[in-house]
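S.K.: Take this structure, written in structure tokens, and hold onto it; I'll ask about it next.
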Amino acid sequence: MLLQNTKKLEKETEEFIDKFIRIALVFEEAVKSYFSGNSESFSHYIQESDKLESDVDHIRKDIELSLYSKMLIPESRGDVFKILESMDDVADQVEWLIR
Numbered sequence: 397m398l399l400q401n402t403k404k405l406e407k408e409t410e411e412f413i414d415k416f417i418r419i420a421l422v423f424e425e426a427v428k429s430y431f432s433g434n435s436e437s438f439s440h441y442i443q444e445s446d447k448l449e450s451d452v453d454h455i456r457k458d459i460e461l462s463l464y465s466k467m468l469i470p471e472s473r474g475d476v477f478k479i480l481e482s483m484d485d486v487a488d489q490v491e492w493l494i495r
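As structure tokens, this is what we get:
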């Protein structure tokens, strides 16, 4: 059971990081669209950023719940929370910047 929970946590963490990287790429494309005057493309990237940021929030909450409820990595839990929250803050800022 512990191994299964750990694997789920690993999968959620990888998904969180993948979405975070995708937000950075969307931001880059949004900036390019904005400066090239392509408002349709820019609008698309705003919508995509909103969706990704929402996904990141949801995944972060799932990870935090798993860490607390399943007592996974208790000695590192606080550090993991700080990293996740910092990354989520960056995602929030990206969403704010392209609005």
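Adding 396 to a residue's 1-based position in the sequence shown gives its number in our numbering. Even for Gly, the Cβ is constructed at its ideal location relative to N, Cα and C.
1) For residue 420 versus residue 494, is the C-beta spacing smaller than 8 Å?
2) Excluding five sequence neighbours on each side, which residues of the same chain lie with their C-beta closer than 8 Å to the C-beta of residue 452?
3) Closer than 8 Å is the cut-off here; do at least three beta carbon pairs connect the segment 400-409 with the segment 456-471?
4) So, at 7 Å on beta carbons, what are the nonlocal neighbours of residue 429 in its own chain, with the 5 sequence-adjacent residues on each side left out?
5) Exposed or buried, which one is residue 472 when buried takes at least 16 other CB atoms within 10 Å?
M.R.: This is what the structure holds:
1) The answer is no: Cβ separation not under 8 Å.
2) The beta carbon of residue 452 lies closer than 8 Å to those of 412, 415, 416, 419, 483, 484, 487 in the same chain, with the five residues before and after it left out.
3) By the Cβ rule, the segment 400-409 counts as touching the segment 456-471, because three or more pairs are nearer than 8 Å.
4) Result list for residue 429: 437, 438, 441, in chain order.
5) With fewer than 16 other Cβ atoms within 10 Å, it is exposed.
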